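Heads up, the sequence shown is in UniProt numbering, so the first residue is 1 and it goes up one at a time.
Here the structure comes first, spelled out in structure tokens, and everything after it is commentary.
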Amino acid sequence: MLRRTESLAVGGAAAVGSTALAGCVGRGNGEATEGAGDGDAADPPLVAHRGFAAENPENTVAAVEAATAVVDRIELDVRRCGTGELVAFHDATLGRVTDATGRVARTPRERLADLSVAGSGEPVPTLAAALDAVPADAWVMLDLKERGVAGDALALGADGDYDLAVTADDPAVIEAVRTADPTVSTVYGVRESVPARPLRPLIPGSREGVRLPRWAYPPQDVAAMVETATELGCAAVSPRYELCLRTDILSRAADAGLRVLPWTVASAREYEAVAGAGTGVDAVVSDVSRGVREP
1 MLRRTESLAV
11 GGAAAVGSTA
21 LAGCVGRGNG
31 EATEGAGDGD
41 AADPPLVAHR
51 GFAAENPENT
61 VAAVEAATAV
71 VDRIELDVRR
81 CGTGELVAFH
91 DATLGRVTDA
101 TGRVARTPRE
111 RLADLSVAGS
121 GEPVPTLAAA
131 LDAVPADAWV
141 MLDLKERGVA
151 GDALALGADG
161 DYDLAVTADD
171 PAVIEAVRTA
181 DPTVSTVYGV
191 RESVPARPLR
201 PLIPGSREGV
211 RLPRWAYPPQ
221 DVAAMVETAT
231 ELGCAAVSPR
241 YELCLRTDIL
251 SRAADAGLRV
261 LPWTVASARE
271 YEAVAGAGTG
281 VDAVVSDVSR
291 GVREP
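Printed below as a string of structure tokens:
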């Protein structure tokens with residue numbers, strides 16, 4: 001059965017070394033897989049974003065199996081398909097990761113099962129199938145991409161013997177989760193403002209050393225982000241990682257008793273920048289499992 005632990009408890013109540021945010025333990029070879037190649041225990045552990053989407057066909061059973069072979073935290077996206085089942089899929093439409101078109105919400109499960117994610121031969125799985133592949137000693141974070149799925153997602157999560165958290169960038173979805181089961185940890189996902197997004201390639205700086213001047217980054221209302229997460233009763237906030245480098249969201253979250261899980265890192269350079277941003281980064285949501293040190 002689902003372990004609803006206090007591993008993401010609000011107000012710093014989480015036990016030291018808790019399942020969800022302690023150092024990731026590598027599987028198979030018995031070695032630590034920490035986020036940094038030198039195995040430094042201070043480095044924040046990785047959360048496998050969509051099952052390490054840069055390395056595996058995202059949100060598939062194969063991605064779950066590959067990712068949880070090396071880390072013990074994984075994030076999966078959740079939507080409802082045309083026949084009512086919940087599926088592990090990020091986009092509202094099919095075109096980016098399959099050769100089909102149309103909306104997930106209008107596509108029956110049988111059709112999704114015939115598609116190939118990123119040409120891998122792996123179908124779009126039901127959420128139930130994806131969760132069945134999660135090991136019993138893992139921690140899974142479900143990113144609910146739409147309203148009206150919270151109750152069913154929690155019901156499916158209750159069938160597994162793993163730690164569960166739920167994240168969303170829509171406060172209404174967080175509220176629905178809290179109503180359905182207040183014992184499940186919730187994580188409020190936030191991103192930087194629209195004017196700041198074109199500047200992402202210059203943060204934390206290119207390989208050639210080009211770096212955005214701090215004064216050039218538009219002001220961000222991180223106080224409101226943290227306040228919303230607190231008001232929603234969340235255990236953590238999950239900011240776009242640039243916010244950890246260019247704002248005081250880490251210190252504000254710490255003052256509010258919130259964990260911080262930055263997203264989405266896609267390279268060693270980005271990981272090292274986030275890991276070096278200061279205290280308060282509890283885990284890093286990442287598309288890559290290796291390459292934490294550039295060759």
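The C-beta atom is built at its ideal place from N, Cα and C for all residues, glycine as well.
Values in this document were obtained by computation on a predicted structure and should not be read as measured data.
- prompt: Near Tyr217, which residues of its chain fall below 7 Å by C-beta distance, leaving aside the five closest residues on each side in sequence?
  reply: Ala196, Leu199 and Arg246
message: Using 8 Å as the cut-off, can you tell me whether the stretch 98-114 makes contact with the stretch 168-177, which would need three or more C-beta pairs spanning the two stretches below that distance?
response: no
field: Among Ser238, Ala69, Lys145 and Ala63, nearest to Gly280 - alpha-carbon criterion
entry: Ser238
field: Which of helix, strand or coil DSSP assigns to Val288
entry: coil
field: Cβ distance (whole Å) where Leu232 is taken to contact Glu146 below 8 Å
entry: So it is not a contact: roughly 17 Å between Cβ atoms.
Proximity winner among Ala113, Pro204, Pro123 and Ser116, relative to Arg269 (alpha-carbon distances): Pro204
Exposure of Pro201, with buried meaning 16 or more beta-carbon neighbours within 10 Å: exposed
task: Might you give, ordered along the chain, the residues of its own chain that have their beta carbon closer than 7 Å to the beta carbon of Val78, omitting 5 neighbours on each side?
output: Leu86, Ala88, Leu127, Leu142, Asp143, Leu144, Lys145, Val149 and Ala153
message: Whole angstroms are fine: how far does the CA of Val265 sit from the CA of Pro57?
response: 17 Å
Counted within 10 angstroms of its Cβ, other Cβ atoms place Arg73 as buried (16 or more) or exposed: buried
- prompt: Would you report the Cα separation of Gln220 and Arg252, rounded to the nearest angstrom?
  reply: 13 Å
- prompt: Are the C-beta of Val117 and some C-beta of chain B separated by less than 8 Å?
  reply: No chain B appears in the structure shown, which is made up of a single protein chain.
query: My guess is that Pro44 and Val284 are in contact by the Cβ rule of under 8 Å, so how many angstroms apart are they, rounded?
result: 5 Å
- prompt: In three-state terms, what does DSSP make of Arg50?
  reply: coil
query: Between the C-alpha atoms of Arg111 and Arg80, what's the straight-line distance to the nearest angstrom?
result: 14 Å
field: Arg96 Cβ short of 7 Å to the ligand SAH heavy atom set
entry: In terms of ligand content, the structure shown is empty, and the ligand SAH therefore cannot be addressed.
- prompt: Short check: CB of Asp114 to CB of Pro123, under 8 Å?
  reply: yes
- prompt: How many angstroms separate the CA atom of Tyr271 from the CA atom of Leu261?
  reply: 12 Å
field: Rounded straight-line distance, which links the Cα of Leu258 to that of Gly26
entry: Caution applies to Gly26, whose pLDDT of 38 falls short of 50 and renders its modelled position unreliable; the value that the coordinates give is listed next. Near 26 Å, if we compare the C-alpha coordinates of Leu258 and Gly26.
task: Check whether the Cβ atoms of Val184 and Leu164 sit closer than 8 Å, and answer yes or no.
output: yes
query: Going by other Cβ atoms of all chains shown within 10 Å of its Cβ, with 16 needed for buried, is Asp161 buried or exposed?
result: exposed
- prompt: Distance, Cα to Cα, Gly51 vs Asp255?
  reply: 31 Å
- prompt: Do you know how far the Cα of Ala62 is from the Cα of Gly121?
  reply: 10 Å
task: For Ala133, count neighbouring C-beta atoms within 10 Å of its own C-beta (all shown protein chains included) and say buried if the count is 16 or more, exposed if not.
output: buried
task: Kindly indicate which three-state DSSP category Gly35 falls into: helix, strand or coil?
output: Low local confidence applies: a pLDDT of 35 at Gly35 is under 50, so the model's placement there is unreliable, with the coordinate-based value given in what follows. Residue state, collapsed to three classes: coil.
message: Rounded to the nearest angstrom, what separates Thr230 and Tyr188 at their Cα positions?
response: 9 Å
query: Beta carbon of Glu55, beta carbon of Val288: below 8 Å?
result: yes
- prompt: How big is the Cα-Cα spacing for Val47 and Val71?
  reply: 7 Å
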